[in-house]
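Protein chains: 2
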Amino acid sequence: MGNLNNSAALIAVDWGTTNVRVALLDVSGKVLDERRGESGVGHFSAQQFEQRFDELTADWPMVPAIAAGMIGSRQGWREADYIACPASLKNLADALHTFDYNGRSITIIPGIKLDDGKRFDVMRGEESQLTGFLAKHSDFTGCVIMPGTHSKWVTLENGTVSDFRTYMTGEIFEALSEHSILKHSVMADDGGDEYFSAKSAQIAEDKQSLEGELFGLRARHLLEGCATERLRQELSAALIMAELQAGIQDGFILANPVYLIGTENLTSFYEIALRALGYRPLSVRGTSLVWPALFHLAGNAGIIRTENP
Amino acid sequence: MGNLNNSAALIAVDWGTTNVRVALLDVSGKVLDERRGESGVGHFSAQQFEQRFDELTADWPMVPAIAAGMIGSRQGWREADYIACPASLKNLADALHTFDYNGRSITIIPGIKLDDGKRFDVMRGEESQLTGFLAKHSDFTGCVIMPGTHSKWVTLENGTVSDFRTYMTGEIFEALSEHSILKHSVMADDGGDEYFSAKSAQIAEDKQSLEGELFGLRARHLLEGCATERLRQELSAALIMAELQAGIQDGFILANPVYLIGTENLTSFYEIALRALGYRPLSVRGTSLVWPALFHLAGNAGIIRTENP
Numbered sequence: 069m070g071n072l073n074n075s076a077a078l079i080a081v082d083w084g085t086t087n088v089r090v091a092l093l094d095v096s097g098k099v100l101d102e103r104r105g106e107s108g109v110g111h112f113s114a115q116q117f118e119q120r121f122d123e124l125t126a127d128w129p130m131v132p133a134i135a136a137g138m139i140g141s142r143q144g145w146r147e148a149d150y151i152a153c154p155a156s157l158k159n160l161a162d163a164l165h166t167f168d169y170n171g172r173s174i175t176i177i178p179g180i181k182l183d184d185g186k187r188f189d190v191m192r193g194e195e196s197q198l199t200g201f202l203a204k205h206s207d208f209t210g211c212v213i214m215p216g217t218h219s220k221w222v223t224l225e226n227g228t229v230s231d232f233r234t235y236m237t238g239e240i241f242e243a244l245s246e247h248s249i250l251k252h253s254v255m256a257d258d259g260g261d262e263y264f265s266a267k268s269a270q271i272a273e274d275k276q277s278l279e280g281e282l283f284g285l286r287a288r289h290l291l292e293g294c295a296t297e298r299l300r301q302e303l304s305a306a307l308i309m310a311e312l313q314a315g316i317q318d319g320f321i322l323a324n325p326v327y328l329i330g331t332e333n334l335t336s337f338y339e340i341a342l343r344a345l346g347y348r349p350l351s352v353r354g355t356s357l358v359w360p361a362l363f364h365l366a367g368n369a370g371i372i373r374t375e376n377p
Numbered sequence: 069m070g071n072l073n074n075s076a077a078l079i080a081v082d083w084g085t086t087n088v089r090v091a092l093l094d095v096s097g098k099v100l101d102e103r104r105g106e107s108g109v110g111h112f113s114a115q116q117f118e119q120r121f122d123e124l125t126a127d128w129p130m131v132p133a134i135a136a137g138m139i140g141s142r143q144g145w146r147e148a149d150y151i152a153c154p155a156s157l158k159n160l161a162d163a164l165h166t167f168d169y170n171g172r173s174i175t176i177i178p179g180i181k182l183d184d185g186k187r188f189d190v191m192r193g194e195e196s197q198l199t200g201f202l203a204k205h206s207d208f209t210g211c212v213i214m215p216g217t218h219s220k221w222v223t224l225e226n227g228t229v230s231d232f233r234t235y236m237t238g239e240i241f242e243a244l245s246e247h248s249i250l251k252h253s254v255m256a257d258d259g260g261d262e263y264f265s266a267k268s269a270q271i272a273e274d275k276q277s278l279e280g281e282l283f284g285l286r287a288r289h290l291l292e293g294c295a296t297e298r299l300r301q302e303l304s305a306a307l308i309m310a311e312l313q314a315g316i317q318d319g320f321i322l323a324n325p326v327y328l329i330g331t332e333n334l335t336s337f338y339e340i341a342l343r344a345l346g347y348r349p350l351s352v353r354g355t356s357l358v359w360p361a362l363f364h365l366a367g368n369a370g371i372i373r374t375e376n377p
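Line by line, the protein sequences give chains A and B.
Going by this note's numbering, the first residue of the first sequence is number 69, and it counts up by one from there.
Going by this note's numbering, the first residue of the second sequence is number 69, and it counts up by one from there.
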């Protein structure tokens with residue numbers, strides 16, 4: 069650990085709803101060590117968050133930490149209030165929530181909220197991935213899609229989040245596939261995308277509603293004994309195509325290449341759906357953006373330890 | 069029971085997914101007696117269906133019975149296979165499934181299926197309500213909406229079901245309000261419709277997607293502490309308006325008055341939503357149509373006991 073102690077400059081923390089990832093970074097942002105665990109968000113007390121942080125970083129040096137994600141929510145360790153959209157990276161850096169924990173400085177990144185009296189939305193965690201994205205595409209202006217349990221569509225303009233909207237696609241899929249009559253028709257998951265592709269193409273072509281597709285899966289299962297692996301892919305296609313059509317209807321303007329930020333598994337399905345609509349998608353791993361983003365924000369805020377004690 | 073024995077002609081059975089209703093009818097279709105119980109569909113064996121039927125009709129005379137609903141499904145008492153759409157009332161009467169149970173004739177009405185190799189759908193039980201509707205509106209041609217857990221949109225032409233589609237609106241509401249993050253935001257139910265009305269009007273006016281409305285309810289709850297009674301009404305409005313827009317998009321043509329067939333509670337919300345889109349709705353109680361329909365079908369099929377034994 070001598071090496072780590074000498075070169076370590078920052079602990080970066082990606083504390084989500086289900087998992088927490090921590091990384092020890094050096095003065096150039098290089099990852100020296102990395103660990104993960106369960107996040108506890110929603111059922112941990114402040115003390116339990118402290119314990120979990122201590123467990124994950126026990127033998128790491130006493131450097132400042134910076135954290136993104138649900139850890140800053142009302143159910144997290146400390147609440148870091150949302151900043152208002154439109155929000156620039158500078159707004160984000162100005163609103164960092166820093167506190168002292170046993171002599172260590174811990175900084176939590178706030179989320180972003182939208183509230184114009186008519187539309188309401190929030191993001192927390194995505195703002196850090198967007199910071200990482202902008203670090204690599206500083207002149208990008210346009211819409212990026214961040215697929216997930218709660219997919220975010222985000223318009224970026226000159227380094228500012230100027231608009232965003234959440235589509236509950238992943239959660240609707242879970243709710244329908246586990247808690248509706250469709251359950252029996254979409255039970256098996258073969259991980260394939262053949263029928264996802266075919267269904268996306270069919271939906272792109274005809275003008276039928278997506279609401280009308282859902283019960284058809286059940287009826288097809290009943291009438292034809294269609295394989296549930298296939299129907300599961302078709303349900304996924306129907307819901308993702310519905311999200312794409314909704315985002316476009318809501319005024320988000322997609323321009324090629326359409327950037328997708330998310331996990332490989334999820335973005336691969338969105339790529340197929342976007343291609344069915346004639347777009348050229350380009351996927352970026354969301355997790356790969358977080359450490360550079362946190363390092364960048366920590367640098368701006370002057371909280372990286374640059375000298376060894 | 070002497071009176072009943074002398075005038076009773078038919079037992080009508082409305083055996084749904086959760087409840088079963090039975091009625092003893094006389095030779096003119098008048099209800100002499102009526103009872104209800106839990107239906108057992110999905111977890112009863114054939115023997116248990118027999119027992120339930122016996123319990124409900126124990127002291128009634130030995131007259132033929134005619135039954136509609138899920139009792140004819142694969143999980144029911146006896147399977148009465150679907151007939152194909154387009155389906156006329158004559159097609160329905162020709163496909164009745166009659167069997168002998170302890171010396172009593174029992175007739176089950178088939179459901180209707182749609183399978184053109186591209187679209188798949190089924191109804192079971194609604195065909196009987198539609199039969200009752202057509203008995204009163206024999207020259208009706210157009211679309212009727214049957215709100216429910218699985219809402220049906222049905223096009224009737226000259227006494228024939230020429231097209232139909234199922235929208236899982238009620239079930240999507242259940243799944244999202246009980247098994248998604250919206251759960252906490254739509255907990256309380258005050259039975260009112262003030263916010264349902266306002267939300268329907270807003271959705272009819274702006275051009276935003278319904279998918280984009282859902283997470284906004286959660287965000288509004290988080291940011292403004294908006295009352296969950298209100299957000300529950302708004303979720304309901306978003307989903308019912310989505311169904312109406314989907315049905316219209318799918319080519320169903322609504323003409324005034326728009327007939328709604330269903331329960332009073334449910335049709336009252338659809339009335340508000342239809343008015344927000346400029347239509348003039350007219351509601352019919354679905355249950356009021358079933359006994360006349362079963363009596364009518366039994367008459368056509370010649371299974372009513374017209375002479376006393």
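Backbone N, C-alpha and C fix where the C-beta goes; we use that ideal spot for every residue, glycine too.
{"Check": "Three CB pairs or more closer than 8 Å across the segment 345-363 of chain A and the segment 326-338 of chain B", "Outcome": "no"}
{"Check": "Contact residues within the segment 240-264 of chain A, judged by C-beta distance below 9 Å to chain B", "Outcome": "ILE240, GLU242, ALA243, LEU244, GLU246, HIS247, SER248, ILE249, LEU250"}
{"Check": "A:ASN159 to A:GLN276 span [Cα, whole Å]", "Outcome": "43 Å"}
{"Check": "9 Å Cβ cutoff, A:HIS218 in contact with chain B", "Outcome": "yes"}
{"Check": "For B:THR237, the three-state DSSP class (helix, strand or coil)", "Outcome": "helix"}
{"Check": "Among A:MET255, A:MET309, A:GLU292, nearest to A:ARG300 - alpha-carbon criterion", "Outcome": "A:MET255"}
{"Check": "Integer Cβ distance of B:PHE320 from B:THR237, believed to fall under 8 Å", "Outcome": "Not really, about 14 Å apart at Cβ, beyond 8 Å."}
{"Check": "Neighbour flag for B:ALA314 against chain A, beta carbons, 9 Å", "Outcome": "yes"}
{"Check": "Short Cβ contact (9 Å threshold) for B:ASP82 with B:VAL88", "Outcome": "yes"}
{"Check": "DSSP-derived helix/strand/coil call for B:MET130", "Outcome": "coil"}
{"Check": "Coil, strand or helix - B:PHE208 by DSSP", "Outcome": "coil"}
{"Check": "Residues from the segment 93-121 of chain B in contact with chain A, defined by Cβ distance under 9 Å", "Outcome": "none"}
{"Check": "Residue range of the alpha helix (DSSP H) that includes A:LEU312", "Outcome": "296-317"}
{"Check": "Environment of B:HIS111 [buried if 16+ CB atoms lie within 10 Å]", "Outcome": "exposed"}
{"Check": "Amino acids of chain A, ordered along the chain, whose beta-carbon sits closer than 7 Å to that of B:GLY284", "Outcome": "ARG187, PHE188, ASP189"}
{"Check": "Assumed close pair A:LEU78, A:ARG373 - CB separation to whole angstroms, cut-off 8 Å", "Outcome": "7 Å"}
{"Check": "Cβ-based burial, B:SER113 [other Cβ within 10 Å; buried from 16]", "Outcome": "exposed"}
{"Check": "Minimum length 3: unbroken beta strand (DSSP E) runs contained in the segment 145-173 of chain B", "Outcome": "165-169"}
{"Check": "Cβ contact (3+ pairs, closer than 8 Å) linking the segment 243-254 of chain A and the segment 356-369 of chain A", "Outcome": "no"}
{"Check": "Whole runs of the alpha helix (DSSP H) within the segment 173-232 of chain A, excluding any shorter than 4 residues", "Outcome": "194-204"}
{"Check": "Beta-carbon contacts of A:GLU281 that lie in its chain and below 6 Å, excluding the five residues immediately before and after", "Outcome": "ALA306"}
{"Check": "Close-in-space but distant-in-sequence residues of the same chain around B:ALA203 (CB under 7 Å, 5 per side omitted)", "Outcome": "PRO360, ALA361, HIS364"}
{"Check": "Span of the alpha helix (DSSP H) around B:TYR327", "Outcome": "From DSSP, B:TYR327 is part of no alpha helix (DSSP H) but of the beta strand (DSSP E) over 326-330."}
{"Check": "CB contact flag (A:VAL358, A:GLN197, <9 Å)", "Outcome": "yes"}
{"Check": "Minimum Cβ-Cβ distance from A:ASP184 to chain B less than 9 Å", "Outcome": "no"}
{"Check": "Any C-beta of chain A under 9 Å from that of B:ASN87", "Outcome": "no"}
{"Check": "Beta-carbon contacts of B:ALA269 that lie in its chain and below 7 Å, excluding the five residues immediately before and after", "Outcome": "ALA344"}
{"Check": "Sequence-distant residues of the same chain with beta carbon closer than 8 Å to B:ALA161, five excluded per side", "Outcome": "LEU365, ASN368, ALA369"}
{"Check": "beta-carbon A:TRP359 near the ligand SAM non-hydrogen atom, thresh 8 Å", "Outcome": "Absence of the ligand SAM is noted for the structure shown, with no ligands found whatsoever."}
{"Check": "Inter-residue Cα distance where the pair is B:SER173 and A:ARG288", "Outcome": "32 Å"}
{"Check": "A:ALA310 versus A:ILE240: straight-line alpha-carbon distance, rounded", "Outcome": "11 Å"}
{"Check": "Contact under 9 Å by Cβ, A:LEU312 with A:LEU285", "Outcome": "no"}
{"Check": "A:TYR263 - DSSP class collapsed to helix/strand/coil", "Outcome": "helix"}
{"Check": "Neighbourhood of B:VAL99 by C-beta, 8 Å cutoff - its chain only, sequence neighbours within 5 removed", "Outcome": "ALA91, LEU92, LEU93, TRP359"}
{"Check": "Through-space distance from A:GLU302 to A:LYS267, alpha-carbon basis", "Outcome": "6 Å"}
{"Check": "Residues bridged to B:ASN87 (per DSSP)", "Outcome": "B:GLU106"}
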